[in-house]
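J.: Quick one: structure below, then a few questions.
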Amino acid sequence: MIRLTVILSLIVCSVAQQRRDVCTQVQLMSQYCSSQGGNETGRVATVDILEERMKEIESELRRTLGAPPPVNYSFVEEVLSARFKGVEERVIARLGEPPVVNYSAIEEDISTRFQRLEALVNSDEGLVDYSRIFNSVDERFSAIRSYVDAKFARLVNDTEAYKRAVESQNRQMNISDCRQIRLEDAKLCNATGGVFDIYREMKRYEVFCDSYTDGGGWTVFQRRMDGSLNFNRTWNEYVNGFGERHREFWLGLQNIHELLQGGTHELRIDLMDSSGRVRFAKYQIFYVAGKSRDYNLLLQSFSGDIGDHLASGRPFSTIDRDRDSWSRNCAETTLGGWWFTNCGHSWLNGNYDSTNLYWYRFPNLVRSEMKFRRLVD
Ligand SMILES: [Ca+2]
């Protein structure tokens, strides 16, 4: 309490410096209190005095200074308002006027957008055109189906063609003779026949079958038709054969020998001269021996309209293997291999000219075909 009193008196002193006398009095009182510290009863009495005195001082102060002035809030407000306005003006001066938000424009814009959206929803424009999508899908599906159908049809065709080829192949595998062929199985064909593969004991022979002449069933082993193929060949070439079966060719002595095995065969020779006349020679027995006998020729029973000018019992002779009975080499003279005697009266493998494609009684040849056929028992 004493301390509070002292602090209050100090405040009062600082507020009213002019009242020196009062302050001096209070300070004297404080010093008095400090010197009387030990006696409790005395202290209480002193405090009472002091309080009494403080009240008096307070009354004195109020009387002297008057009541504290009332705060003029409206004035303060005006001052603050003026200051705020000043600050505001300075801010505007520096930063410019704050932008004006045009709420009505925003509202209008939103409204317009909403109306547009509503119109879109109410119209067909905004809807997904499923029918178009379905049509498109349908078209695509149709295209795919057409493609698959076409593929399938082609596959079926291919399969059929393959089946026919296999059947044809199987049939051909069973063909051992030009008597058994069906022209639709030919590898190549023309008006008189076609090229076939025939088989003997699993060995394939490519031959031309004449299915037209004299009842057909002929295996052609020699053809001259245009002079496009050189027939001036060696022994081995005449043994193995040369040329293409549908053009000029020689089937080969070894092939001829092998195909003449099993059964009796006849020989036919068809010739045409430069005037276009056609003649033939035919032998009812025809056989060519094997390699060990130099492919010796055996013939019997001539018929035909051009004379018998082939010598039976003669070995084959070529430019490099002279088996003729002449002192020189007939193959070198005629420029082709043949069953020569003392050269003889025919050589159908000679050079393709009027003297070396030769048959004594039917000269000036331009065409020759030699063929054999198995005689049916
Ligand atoms: Ca000779």
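In terms of my numbering, the sequence shown opens at residue 22 and continues consecutively. All C-beta atoms in this analysis are idealised placements derived from N, C-alpha and C, irrespective of residue type, glycine included. Small disclaimer: the values here were computed from a predicted structure and weren't measured.
Leaving out five residues before and five after residue 211 in sequence, what residues of the same chain have Cβ atoms less than 8 Å from its Cβ?
T.: Result list for residue 211: 267, in chain order.
J.: Mapping DSSP to helix, strand and coil, what is residue 449?
T.: The first residue shown for the chain is 22 and the last is 398, placing residue 449 beyond what the model contains.
J.: Which whole-angstrom value is the C-beta distance of residue 287 and residue 305, which I expect to be below 8 Å?
T.: Indeed they touch by this definition, with Cβ atoms about 5 Å apart.
J.: Assign residue 62 to one of two classes, buried (16 or more other C-beta atoms within 10 Å of its C-beta) or exposed (fewer than that).
T.: With fewer than 16 Cβ atoms within 10 Å of its Cβ, residue 62 is classed as exposed.
J.: Could you give the DSSP three-state label for residue 56: helix, strand or coil?
T.: Note that residue 56 scores 49 on pLDDT, short of 50, meaning its location in the model is unreliable and no value can be drawn from it.
J.: So residue 231 is in the beta strand (DSSP E); what residue range does that whole segment cover?
T.: Start and end: 224-231.
J.: How about the stretch 229-243 and the stretch 198-212: do they share at least three Cβ pairs that are nearer than 8 Å?
T.: The stretch 229-243 vs the stretch 198-212: in contact.
J.: Label residue 338 either buried or exposed according to how many other C-beta atoms from any shown protein chain fall within 10 Å of its C-beta, with 16 as the threshold for buried.
T.: When all chains shown are included, residue 338 counts as buried.
J.: Below 7 Å CB to CB, which residues in the same chain sit around residue 24 once its five sequence neighbours on both sides are set aside?
T.: Low per-residue confidence applies at residue 24: pLDDT is 46, beneath 50, and the placement is therefore not dependable, though the value from the model is reported in the following sentence. If we look at residue 24 and ignore the five residues flanking it on each side, it has no Cβ neighbours.
J.: Considering just the uninterrupted stretch of the beta strand (DSSP E) at residue 286, what are its terminal residues?
T.: Run containing residue 286: 286-294, per the beta strand (DSSP E) assignment.
J.: Comparing C-alpha positions only, which one of 270, 95, 333, 347 sits nearest to residue 252?
T.: Of the listed residues, the one whose Cα sits closest to residue 252 is 270.
J.: Under 8 Å, with one C-beta from each stretch per pair, do the stretch 242-260 and the stretch 186-197 reach the 3-pair mark?
T.: As far as the Cβ criterion goes, the stretch 242-260 does not touch the stretch 186-197, which means the pair count is below three.
J.: Using a Cβ-based criterion (distance less than 7 Å to any ligand heavy atom), does residue 347 qualify as near ligand 1?
T.: Indeed, a heavy atom of ligand 1 lies less than 7 Å from the Cβ.
J.: Should residue 350 be counted as a contact of ligand 1 given a C-beta to heavy atom distance under 7 Å?
T.: Under cutoff, so the answer is yes.
J.: Say the cut is 7 Å; is the CB of residue 315 nearer than that to a heavy atom of ligand 1?
T.: Every heavy atom of ligand 1 is 7 Å or more from the Cβ of residue 315, so no.
J.: Can you tell me the Cβ-Cβ gap for residue 331 and residue 308, rounded? I've got them flagged as a contact below 8 Å.
T.: So it is not a contact: roughly 13 Å between Cβ atoms.
J.: Residue 341: beta carbon under 7 Å from a heavy atom of ligand 1?
T.: Result no, Cβ not under 7 Å from ligand 1.
J.: To the nearest angstrom, how far is the alpha carbon of residue 359 from that of residue 295?
T.: For residue 359 and residue 295, the distance between alpha carbons rounds to 22 Å.
J.: When you compare only the Cα positions, how much space is there between residue 121 and residue 136?
T.: The straight-line gap from Cα to Cα measures roughly 26 Å.
J.: Can you tell me where the alpha helix (DSSP H) holding residue 105 begins and where it ends?
T.: From DSSP, the alpha helix (DSSP H) with residue 105 extends over 94-116.
J.: Buried or exposed for residue 168, please, with buried defined as at least 16 other CB atoms from any protein chain shown within 10 angstroms of its CB.
T.: Exposed, by the Cβ-count rule.
J.: Using 8 Å for Cβ pairs, my map puts residue 323 next to residue 310. What's the rounded Cβ distance?
T.: 19 Å between Cβ atoms; not a contact.
J.: Find the nearest neighbour of residue 372 within the set 254, 176, 264, 396, judged by alpha-carbon distance.
T.: Nearest option by C-alpha distance: 254.
J.: Counting Cβ pairs, one atom from each stretch, are 3 or more of them under 8 Å apart for the stretch 366-381 and the stretch 347-356?
T.: Touching, yes.
J.: Could you check the C-alpha separation between residue 215 and residue 162 for me, to the nearest Å?
T.: Using only the alpha carbons, I get a separation of about 48 Å.
J.: Can you tell me whether residue 210 is helix, strand or coil according to DSSP?
T.: It is a strand residue.
J.: In whole angstroms, what separates the C-alpha of residue 180 from that of residue 208?
T.: About 19 Å.
J.: Suppose you measure from the CA of residue 438 to the CA of residue 164; what does that come to, to the nearest Å?
T.: This structure cannot settle anything about residue 438, because the visible part of the chain is limited to 22 through 398.
J.: In angstroms, rounded to a whole number, what distance separates the CA positions of residue 166 and residue 206?
T.: Whole-angstrom Cα-Cα distance: 36 Å.
J.: Going by the beta-carbon positions, is the gap between residue 380 and residue 363 smaller than 8 Å?
T.: Result no, Cβ atoms of residue 380 and residue 363 do not sit closer than 8 Å.
J.: Can you tell me the Cβ-Cβ gap for residue 272 and residue 262, rounded? I've got them flagged as a contact below 8 Å.
T.: That pair is a contact at about 5 Å.
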